[in-house]
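Heads up, the thing below is written out as structure tokens.
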Ligand SMILES: *Cc1c(COP(=O)(O)O)cnc(C)c1O
């Protein structure tokens with residue numbers, strides 16, 4: 012730390028993204044990216060737009076929001092496009108949480124939430140998931156806090172039915188309930204269709220997982236027009252141009268090719284079922300996932316040891332140090348060929364450990 016770094020941030024602990032190693036080609040199952048490339052028209056659209064990079068991008072993302080409105084069945088003014096959903100989360104925490112509306116989220120969930128809360132000096136409570144990692148909606152009823160629900164949750168992959176989300180929304184009318192749906196396209200129910208019914212509902216989404224655009228950085232928020240206007244107040248106070256031209260064009264093309272991406276999601280769900288069965292056959296406990304990853308543990312090898320052994324065999328998975336989950340691995344669902352390599356490597360590792 013330099014001697015110029017302000018006291019305000021001296022104790023800030025930043026988020027640690029999943030590793031993106033450059034030393035060799037890994038079977039990369041650690042950051043929940045899509046194993047499938049963007050569709051051809053997405054690449055064409057981005058390339059064509061690159062010829063206009065001397066001009067500022069549209070800060071309102073007019074074309075992209077019009078397309079979003081069409082695909083998601085909402086009005087354009089109910090949509091905000093952001094630089095990844097991480098930016099949406101930051102704007103939402105700034106707009107809707109403070110000392111008077113402290114945050115509440117699960118103890119086992121997306122690691123960015125406490126970091127963004129700390130960055131903005133917002134107090135937060137971590138509500139423990141149940142023993143089986145299920146989120147009990149009863150823990151969130153009438154708690155008078157700005158609530159973040161990750162649905163499906165990461166890294167567990169477990170999801171809540173919309174009826175539970177609605178109970179939480181109804182019992183906290185004076186606070187925003189932010190539903191982070193980064194993984195919703197892999198089998199869970201989206202709360203987007205509730206935004207006209209609950210004025211305290213804000214849904215966060217991303218093109219990073221189901222729409223193969225992690226590197227383009229494109230996320231969004233959907234809520235009522237007033238909430239979106241509040242978020243825009245903060246956005247235009249920070250940086251109006253967070254979406255670049257190529258990303259905006261890629262986003263429109265990705266929504267036009269929605270069928271391609273939804274078909275990829277179905278492929279990933281089928282591969283997830285295969286992977287789950289294989290891991291169970293090897294003695295793993297696997298949580299029932301509605302996301303593009305599985306969360307699994309073995310009685311025969313710890314999470315840290317499995318992570319290291321897999322990495323030595325060229326397969327990267329995500330391991331967390333947190334004590335409640337340190338025996339688990341979060342494994343992204345890749346292509347069938349990648350998952351076959353993973354399963355063969357695990358079989359190898361368990362056999363070696365047994366001798
Ligand atoms: C990946 C992820 C995000 C953010 O993704 P972006 O790439 O910033 O859009 C948000 N929430 C959860 C739970 C995630 O797993």
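Residue numbers (the working numbering): 12 to 366.
Even glycine gets a Cβ: it sits at the ideal position worked out from N, Cα and C.
All of these numbers come straight from a predicted model, not from anything done at the bench.
Query: Considering only their Cβ atoms, is the gap separating residue 155 from residue 183 smaller than 8 Å?; Result: yes
Query: Can you check the region 212-261 for any beta strand (DSSP E) of at least 3 residues that lies completely inside it and give the ranges in chain order?; Result: 212-217, 230-234
Query: If you check the beta carbons only, do residue 218 and residue 229 fall under 8 Å apart?; Result: yes
Query: Using a threshold of 8 Å, state whether the C-beta atoms of residue 35 and residue 21 are closer than that.; Result: no
Query: Measure the alpha-carbon distance for residue 112 versus residue 136 and round it to whole angstroms.; Result: 11 Å
Query: Compute the Euclidean distance between the alpha carbons of residue 124 and residue 349, then round it to the nearest angstrom.; Result: 31 Å
Query: Assuming residue 352 is part of the alpha helix (DSSP H), what are its boundary residues?; Result: 347-365
Query: Count the other CB atoms, across all protein chains shown, that sit within 10 Å of the CB of residue 98; report buried if there are 16 or more and exposed otherwise.; Result: buried
Query: Cβ of residue 63 within 7 Å of any heavy atom in ligand 1?; Result: no
Query: Give a yes or no on whether the C-beta atoms belonging to residue 187 and residue 161 are separated by under 8 Å.; Result: no
Query: Sorry if obvious, but does the Cβ on residue 318 come closer than 7 Å to a heavy atom of ligand 1?; Result: no
Query: Quick one: give me the first and last residue of the alpha helix (DSSP H) that residue 100 is part of.; Result: 95-107
Query: Would you mind working out which of 262, 313, 29 sits nearest residue 334, comparing C-alpha positions?; Result: 313
Query: Between residue 193 and ligand 3, is the CB less than 7 Å from at least one heavy atom?; Result: The model on display carries ligand 1 but not ligand 3.
Query: With distances taken from CA atoms, which of 17, 88, 44, 43 is nearest residue 231?; Result: 88
Query: Evaluate the contact criterion for the region 234-252 versus the region 100-111: three or more CB pairs, one atom per stretch, below 8 Å.; Result: yes
Query: State yes or no: is the C-beta of residue 34 nearer than 7 Å to some heavy atom of ligand 1?; Result: no
Query: Mind reading off the beta-carbon distance from residue 261 to residue 227? Whole number of angstroms is fine, and I expect it under 8 Å.; Result: 5 Å
Query: Can you determine whether any heavy atom of ligand 1 sits closer than 7 Å to the C-beta of residue 95, and answer yes or no?; Result: yes
Query: My output table needs one value for residue 176: the three-state DSSP class, helix, strand or coil.; Result: helix
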